[in-house]
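Under mature numbering (1 follows the signal peptide of the UniProt record, and there is no 0), the residues of the sequence shown are numbered -24 to -1, 1 to 703, in order.
Here is the structure we will look at.
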Amino acid sequence: MRNVLKKAVVAALVSGFCSSPAFAIVAFIPNGNVAVGSGASAIGNNDVAIGGETSANGNNNTNINGRLPYDYQTLGNDGTVAQSTSPGGKGSGGTQNSVTATVLGDNATVYRNNSSYYQPGTSIGYQSASNGYGTALGSNAQAGSASANDAPTTVSNDTAIGGNIYSGSGNTAIGGGTVTTGDNNIAVGSQALSSGGGSIAIGNNATAGNPQVPLDPSTAVGSGATATGTDSEAYGYNAQATASDAEALGTGAQAGQANAVALGSGSTANTEQTGQGSTITIRGQSYSVAGGTPSGEVSVGSAKNGTTRLITNVAAGQISSTSTQAVNGSELYATNAAINSLKATQSSQGVLHYTTSSGATSTTPTSTASAGTATTGPVVISNVGAGAVSPDSTQAVNGGQLYSAEEQAQADANQAQANAEGYASQVATNDAGQAQANAEHYAGQVAQQAQNNAEGYASNVAAHDAGQALQAANAHSNDLFNLTCHRIGNGDILCGRDAQVSGQNSSAQGTGAAAFGNGANAYGANAVARGNGATAIGNGARANGYSTTALGDHANAEAPNATALGQDATARGANSTAVGYEATANGANSVAIGAGSVANRSNSVSIGDAATHTYRQITNVAAGTEPHDAVNLGQFESGLRGLKSYANAEADKVGSVDASLAAAAAEAAAGKHRNTIAGGTAEYNGQASFAFAYQHRFNTHWAAMVTIGSNGGASNTTVAGAASYSW
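Written out as structure tokens, the structure is:
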């Protein structure tokens, strides 16, 4: 059966390839071989050779229109080679050198590995080449070794798709000019390059991996992204991670030192980490610190171009001698406040002077303690006993007491209550050592609800302005808790728990409110204004885009210059406006007016919703005066009446003309001679008309007539013709 099918295939090929069957030379050779064409030969078992001087050697091979060297029989079995010596033909000059290999394209090549493994390579495209199990698709695509002379000794499982590609073992390369070297790499994009082992490069001109490191799972994603450090990562346009374990995230971010992290567009982390070791020196005194020499850097900006960013929502870090956690601004403020409350100086005679809480300096204490001389520098007073802590105590306290007080103050920060007769009766600015007044005075300035009554308390009430704070304690009447507003620079205002703001002259006020962009404003719980000039007012309101406005609970403006007014109103189209509860404007420049109204078409105005059969009347419409003005019902009815009157008058005119034509025609038809002229007149609904008719008899049988009628107007003149035959 196999031979029968083969003969049928050959016969079909002969009829298709030969211009005349007389020039076809077909030879059915023993062992199931078939040779078609002058000089064609098939040697082996079940081989097919088609075309002049074509050879198929080995077992189960097919060669079409190809000229292979004599020793082709030494090549692999069960292969398929499609070749042509004509320009543009499939497989011109192609070479198959592998078991069950497939070769399609001019000068395409599949190389068989020197091992004895089963290696069905595939090579498709002009001058493409593959080795082992490799797949090469596209002009100049190469999977495995770069040329036949490389003579690889390992099995290739590469995939190469696109022009000018060179792929190593177990790699995937997709795109024009893409290059992969090493093992198990991926390169996707024009001119992308991945090297080393396990690296990934995605994007035009992206580069990942170090060719000198056999195992380097670096990753570069984005056009021009580069991750050439060992185990480095770069994400974003032109992001650069060029040191080991470095990470660059964002457009143009650069991480050039080991273990460095650059976060955000344009951020740089290139500082060499020398560190201070386990000690630091302050005013000649050495202190032990935790952390030691840093092993890396995390950057959120760039000192080179002056780009800085706030790190917000930082939890309070642990404060201890072994802590390496970051601290937030409130912790630093508490420390500064504690330092400012203690101000001691040393005289030239080594006598300690102290400043009282009222700001007065004591120069004649009851007793003095020698602390060295002016030439010895600062000294440490050691072995200080625990002093009494009370409103009238004048005893010194030691570091242990201060540390315990700080720990207790931090634990009770959110519920601290002050008593005007206790320790916190002063309200001070952030200027070191400068006492301002008592809580009764400033509580009235900070909150309207606080009254000047020292018997009550106000907790955590503060107003911040560029690092300077006024903090109220012991203010009473309506108790205030956790109310904080910040003016944080660039004209920005932040007020509310978890509120966020970025840009210049922006404001976020309300729990969870967020304003992102220059001039953005968000007012209300969870309100979000995202974009320059965006405004969101109301609980959950969203203004997302340039100059968008969302006013009302959950109002939503999603496109540039869109406006949504009303609860759950939505404006999605550019320059669209939605006014009313659940009003929706989806089309560009569309307007939806009224609760539930929907405007889906661009440049449309809707006052209802056809889908829900919601319609509204437009009342008090003035009469239109221009061609594109709306008309009211009065104008419409007046125009309709005029049209009806005009139509009736025209009909009357036509009727009178028809009547006069009929009269004239009748008179002319009654004539007995060869030529007859007749006239007629008629009146219909007050419209008078007249008509003339001319008739000519050709003989006793044939006659022709022409009639003209009019009521005196050019638009109501009628001309008619007729012919008759009589016997």
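For glycine and all other residues, C-beta sits at the position ideal for the given N, C-alpha and C.
None of the values given here were measured: they were computed from a predicted structure.
Answer with buried or exposed for residue i, where buried requires no fewer than 16 other C-beta atoms within 10 angstroms of its C-beta.
| i | result |
| --- | --- |
| isoleucine 594 | exposed |
| valine 695 | exposed |
| glutamine 485 | buried |
| histidine 530 | buried |
| asparagine 520 | buried |
| alanine -13 | For alanine -13, the pLDDT reaches just 48, beneath the cut-off of 50, and the residue's location in the model is therefore unreliable, leaving the point undetermined. |
| serine 686 | buried |
| threonine 683 | buried |
| arginine 518 | buried |
| arginine 473 | exposed |
| alanine 606 | exposed |
| tyrosine 499 | buried |
| isoleucine 287 | exposed |
| leucine 619 | exposed |
| glutamate 602 | exposed |
| alanine 201 | buried |
| alanine 282 | Checking the sequence shown, residue 282 turns out to be glycine, not alanine. Glycine 282 should be labelled exposed. |
| valine 365 | exposed |
| glutamate 613 | exposed |
| alanine 623 | exposed |
| leucine 616 | exposed |
| leucine 609 | exposed |
| alanine 362 | exposed |
| asparagine 579 | exposed |
| residue 707 | In the structure displayed, the chain extends from -24 to 703; residue 707 sits before or after that span and is not available. |
| glycine 151 | buried |
| serine 17 | buried |
For residue i, verify whether its CB is less than 6 Å away from any heavy atom of the ligand MN.
| i | result |
| --- | --- |
| serine 145 | No copy of the ligand MN appears in this structure; indeed no ligand is present at all. |
Going by alpha carbons, who is nearest to residue i out of the options?
| i | options | result |
| --- | --- | --- |
| glycine 28 | Gly15, Ala231, Ala245, Glu558 | Gly15 |
| glutamate 307 | Asn508, Ile295, Gly165 | Ile295 |
| threonine 218 | Asn246, Ser17, Asn515 | Asn246 |
| valine 197 | Leu191, Ala561, Thr487, Ile178 | Ile178 |
| valine 164 | Ala182, Gly158, Cys471 | Ala182 |
| asparagine 289 | Val504, Val477, Ser208 | Val477 |
| proline 270 | Gly260, Thr283, Glu248 | Glu248 |
| alanine 667 | Met681, Arg673, Asn675 | Met681 |
| tyrosine 309 | Ala292, Ser297, Thr525 | Ala292 |
| alanine 231 | Pro190, Gly277, Gln261 | Gly277 |
| asparagine 7 | Asn281, Asn35, Gly495 | Asn35 |
| serine 241 | Asn235, Arg285, Gln261, Gly260 | Arg285 |
| phenylalanine 674 | Gly655, Arg650, Ser665 | Arg650 |
| serine 482 | Asn515, Ser523, Val24 | Ser523 |
| threonine 298 | Ser264, Ile469, Gly272, Ala313 | Ser264 |
| isoleucine 569 | Arg592, Ala550, Gly376, Thr588 | Arg592 |
| glutamine 167 | Asn160, Asp159, Asn180 | Asn180 |
| glycine 507 | Gly528, Pro536, Ala654 | Pro536 |
| aspartate 159 | Gly151, Gly153, Pro187 | Pro187 |
Going by DSSP, what residue range makes up the beta strand (DSSP E) through residue i?
| i | result |
| --- | --- |
| tyrosine 499 | 497 to 499 |
| glycine 34 | 31 to 35 |
| isoleucine 162 | 162 to 164 |
| serine 478 | 476 to 478 |
| glutamine 485 | 483 to 485 |
| alanine 680 | 678 to 686 |
| threonine 148 | 148 to 150 |
| glutamate 223 | 223 to 225 |
| alanine 490 | 490 to 492 |
| isoleucine 594 | Neither: isoleucine 594 is in no beta strand (DSSP E) and is coded neither H nor E. |
What is the C-beta distance between residue i and residue j, in whole angstroms, given that I count them as a contact (C-beta under 8 Å)?
| i | j | result |
| --- | --- | --- |
| serine 552 | alanine 564 | 7 Å |
| alanine 559 | alanine 538 | No, alanine 559 and alanine 538 are not in contact; Cβ-Cβ is about 12 Å, not under 8 Å. |
| valine 274 | valine 237 | 5 Å |
| asparagine 497 | alanine 491 | 6 Å |
| threonine 657 | glutamine 671 | With a Cβ gap of about 18 Å, threonine 657 and glutamine 671 do not count as contacting. |
| alanine 229 | glycine 212 | 6 Å |
| serine 194 | serine 175 | 5 Å |
| asparagine 502 | glycine 479 | Not really, about 19 Å apart at Cβ, beyond 8 Å. |
| alanine 561 | alanine 554 | 4 Å |
| alanine 215 | threonine 206 | Not a contact, Cβ separation roughly 17 Å. |
| serine 220 | alanine 234 | 5 Å |
| serine 208 | alanine 222 | 5 Å |
Report the residue ranges of all beta strand (DSSP E) runs contained in full by the stretch 532 to 582; include only those spanning at least 3 residues, in chain order.
539 to 541, 553 to 555, 567 to 569
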